[in-house]
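Trainee:
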Amino acid sequence: MSFEHLTKKNQQYIRTVQKLLEQAGKSPEEIESLLASILPDIEEKQDRGFTARALYGTPTQWVRSQLSESPSENSKPAVINDNPWLMWLESTLFLLAFVGLGIGLINQFVPGSTSYGLLTLISMTTGGGAVFYALYHFIYRYYEPQYEGQRPNVRRGFLFVGLVLLAWIALITISESLLTGINPPLPSMVLILIGIVAFTLRWWLMRTYNIKNARMNPRRQAF
1443 MSFEHLTKKN QQYIRTVQKL LEQAGKSPEE IESLLASILP DIEEKQDRGF TARALYGTPT
1503 QWVRSQLSES PSENSKPAVI NDNPWLMWLE STLFLLAFVG LGIGLINQFV PGSTSYGLLT
1563 LISMTTGGGA VFYALYHFIY RYYEPQYEGQ RPNVRRGFLF VGLVLLAWIA LITISESLLT
1623 GINPPLPSMV LILIGIVAFT LRWWLMRTYN IKNARMNPRR QAF
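All you need for my numbering is the position in the sequence shown, starting with 1, plus 1442.
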């Protein structure tokens, strides 16, 4: 790369930058690309009395700024997984952990408190996960940037959410009243254990698959 068209001060600046980039481990191609990004500006403004140092700071400062801006694989944004089944499962496990730990601890310290059977616990949490996903799918997601300009069909959204909610309530009612013979209340320690397992599994799934939170309204914080 030729620097004859630059003033002596600017030529020295470029040579110093080149040497610093070589010491930093940059390849000849990378060095040429970085220098090409500033040479036209230096050449244009040197006729008006500006030096490269005045435009970009010392060679060390400029090189450091370029090295700190170099993209790395670790800096790539993680892809959010919006698979419906995984989003439903994440919400279900969240509820299972919350209900299991909550009811289990209450029963542990307040004898005689209401407990739930396994079928009721499953119907309560799976149905609740479906309600959370329905709210996201029909309402919350339209507040996200990629849906800008689109408006949800509010009537259809509330109709579907209402139907899912009614099915959820019916599922809980059936499990509590009609299936009492095969749905005995669980001991408090079993509920606590179920809650811990659900919490651990949810944490692992979120960490492994980066699942989108179905309980997230873009206008407020997720919970």
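All C-beta atoms, glycine included, are put in the ideal place defined by N, C-alpha and C. Keep in mind it's a predicted model, so treat the numbers as computed, not measured.
(1) Going by the CB atoms, is the gap between R1495 and K1461 shorter than 9 Å?
(2) Taking only the alpha-carbon atoms, compute the straight-line gap between N1549 and N1652 and give it to the nearest angstrom.
(3) Mind checking whether I1636 and G1569 have CB atoms under 9 Å apart?
(4) Beta-carbon within less than 8 Å of P1519's beta-carbon, same chain only, minus the 5 sequence neighbours each way: which residues are those?
(5) So V1632 packs on V1606, CB below 8 Å; how close in whole Å?
(6) Work out the CA separation of R1506 and S1565 for me, nearest whole Å.
(7) Identify every residue that forms a DSSP beta bridge with G1544.
(8) Does I1653 come out as helix, strand or coil in the three-state DSSP assignment?
(9) If you count every other CB in all the chains shown that lies within 10 Å of the CB of G1571, and 16 or more means buried, which is it?
(10) Let me know the secondary structure DSSP gives G1637 once reduced to three states.
(11) Less than 6 Å between C-beta atoms, sequence neighbours within five positions excluded: which residues of the same chain meet that for S1630?
(12) If M1529 and Y1575 are in contact, beta carbons under 8 Å, what's the gap, nearest whole angstrom?
(13) Mapping DSSP to helix, strand and coil, what is N1549?
(14) I'd like the ranges of any beta strand (DSSP E) spanning at least 3 consecutive residues and lying wholly in the stretch 1477-1507.
(15) Can you tell me whether A1478 is buried or exposed, with buried defined as 16 or more other CB within 10 angstroms of its CB?
(16) Provide the residue span of the alpha helix (DSSP H) that contains K1461, from first to last.
(17) For K1654 and I1522, I'd like the C-alpha separation in whole angstroms.
Mentor: Result, derived from the coordinates:
(1) no
(2) 34 Å
(3) Result no, Cβ atoms of I1636 and G1569 do not sit closer than 9 Å.
(4) With a pLDDT of only 46 at P1519, under the threshold of 50, the placement of this residue in the model should not be trusted; the figure read from the coordinates follows. Beyond the five residues adjoining it in sequence on each side, P1519 comes within less than 8 Å, by CB distance, of no other residue in the same chain.
(5) That belief does not hold up - the Cβ atoms of V1632 and V1606 are roughly 28 Å apart, past 8 Å.
(6) Put simply, the backbone Cα of S1565 is about 58 Å away from that of R1506.
(7) Answer by DSSP bridge pairing: none, since G1544 is not bridged.
(8) Look at I1653 here: in three-state DSSP terms it is strand.
(9) buried
(10) Under the three-state reduction of DSSP output, G1637 falls in the helix class.
(11) G1546, N1549 and Q1550
(12) 5 Å
(13) helix
(14) none
(15) exposed
(16) DSSP places K1461 in the uninterrupted alpha helix (DSSP H) bounded by K1450 to Q1465.
(17) 6 Å
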